[in-house]
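*Asks:* One structure coming up, written as structure tokens, with questions to follow.
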Amino acid sequence: MKKRLGPSDRLYPMPCPLVVGGSGEQVDTLAVAWIGIAAGSPPSVAMALRDTRHTLALIRDGREFTVNIPATRLAAEVDFCGITSGKATDKFAATGLTLVPAAVVSTPIIAECPYNMECRVTHEVDIGHYTLVVGEVVETHADEHVLDATGEKVDVGLLDPLVYIAGSREYRALGPVVADAFSIGRSIAAPDAEQDGGTGS
Ligand SMILES: Cc1cc2nc3c(=O)[nH]c(=O)nc-3n(C[C@H](O)[C@H](O)[C@H](O)COP(=O)(O)O)c2cc1C
Numbered sequence: 073m074k075k076r077l078g079p080s081d082r083l084y085p086m087p088c089p090l091v092v093g094g095s096g097e098q099v100d101t102l103a104v105a106w107i108g109i110a111a112g113s114p115p116s117v118a119m120a121l122r123d124t125r126h127t128l129a130l131i132r133d134g135r136e137f138t139v140n141i142p143a144t145r146l147a148a149e150v151d152f153c154g155i156t157s158g159k160a161t162d163k164f165a166a167t168g169l170t171l172v173p174a175a176v177v178s179t180p181i182i183a184e185c186p187y188n189m190e191c192r193v194t195h196e197v198d199i200g201h202y203t204l205v206v207g208e209v210v211e212t213h214a215d216e217h218v219l220d221a222t223g224e225k226v227d228v229g230l231l232d233p234l235v236y237i238a239g240s241r242e243y244r245a246l247g248p249v250v251a252d253a254f255s256i257g258r259s260i261a262a263p264d265a266e267q268d269g270g271t272g273s
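With the first letter of the sequence shown counted as 1, position 43 gets the number 115 in my numbering; the numbers rise by one all the way through.
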């Protein structure tokens, strides 16, 4: 028996990257759980930012942002950036997180986060008190120690990304691998099925 819980903004689980906006002396970051891939081609990220966020103002000015995936060991730093506004506090000085130049955009990336995406804003959509910001991913970076044996792909076990659980307000780590995607589904017999080989990943 299912229980109706009403309209909700909860989706389980969520990522929890640090999104950076701005450049030069005017840089800020915030924790963003309402974020995901919006398109594969061009590769695009969509995120919902409340209109009061200082980082959003910087992103609107510069039309660029970076998405920085923290490992679980950075939970305290991420949470600090998610409960403190950069209007009055230098979050980088407070947490010790270090900004380093990106390759393509003028907004920096965070050195301590092992995976980083550089984005240029392509769309802004107003939704209530939030703005849905869509950005094209123009470059990505990974620390060598989170790459798999081929040296080309991120090994998510090594990345150990911080996961956010809304409702219980917990940070968690990923669990074990349970199956191969675009593969285990073939074990279900359906002779006439048209099956996608997986353009996504
Ligand atoms: C776990 C977590 C997730 C968050 N996700 C979002 C989000 O998706 N969108 C948003 O606008 N704020 C989100 N926040 C709140 C901002 O990170 C927070 O208000 C931050 O202090 C804003 O900083 P700024 O004003 O310096 O930009 C989140 C906070 C936490 C702790």
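We treat Cβ as the ideally placed atom computed from N, Cα and C, and that holds for glycine.
Computed from a predicted structure; not experimentally measured.
1) From Ile107 to Thr156, what does the alpha carbon distance come to, in whole angstroms?
2) The alpha helix (DSSP H) spanning Gly134 covers which residue range?
3) Can you tell me whether Lys163 is buried or exposed? The criterion is at least 16 other CB atoms within 10 Å of its CB, across all chains shown.
4) My output table needs one value for Ala253: the three-state DSSP class, helix, strand or coil.
5) Mind checking which residues open and close the alpha helix (DSSP H) that includes Thr167?
6) I need the boundaries of the beta strand (DSSP E) containing Gly108, first residue and last residue.
7) Between the Cα of His213 and those of Ile256, Gly247, Val172 and Tyr202, spot the shortest distance and give me the residue it belongs to.
8) When you measure from the CB of Ala118 to every non-hydrogen atom of ligand 1, does any distance come out below 6 Å?
9) Short of 7 Å in beta carbon distance, which residues of its chain neighbour Gly269, apart from the five on each side in sequence? Order them along the chain.
10) Quick check: is any heavy atom of ligand 1 less than 6 Å from the C-beta of Val104?
11) With C-beta atoms as the reference, is Ala175 less than 7 Å away from Glu211?
12) Considering only the alpha carbon of each residue, which of Tyr243, Ile199, Gly200 and Thr194 lies closest to Val206?
13) From the DSSP output, read off the bridge partner residues of Cys191.
14) Starting from Ala103 and walking both ways along the beta strand (DSSP E), at which residues does that stretch end?
15) If you compare alpha carbons, which of Leu121, Gly96 and Gly257 is closest to His201?
16) Which one of Gly134, Arg241 and Leu204 has the shortest CA to CA distance from Met86?
*Replies:* Short version:
1) 19 Å
2) His126 to Gly134
3) buried
4) coil
5) Lys163 to Thr167
6) Its beta strand (DSSP E) spans residues Ile107 to Gly112.
7) Val172
8) No, the Cβ of Ala118 stays beyond 6 Å of every heavy atom of ligand 1.
9) Short of 7 Å from the beta carbon of Gly269, and not among the five residues preceding or following it, lie these beta carbons of its own chain, in chain order: Phe254.
10) yes
11) yes
12) Thr194
13) Phe137 and Val209
14) Gln98 to Ala103
15) Leu121
16) Arg241
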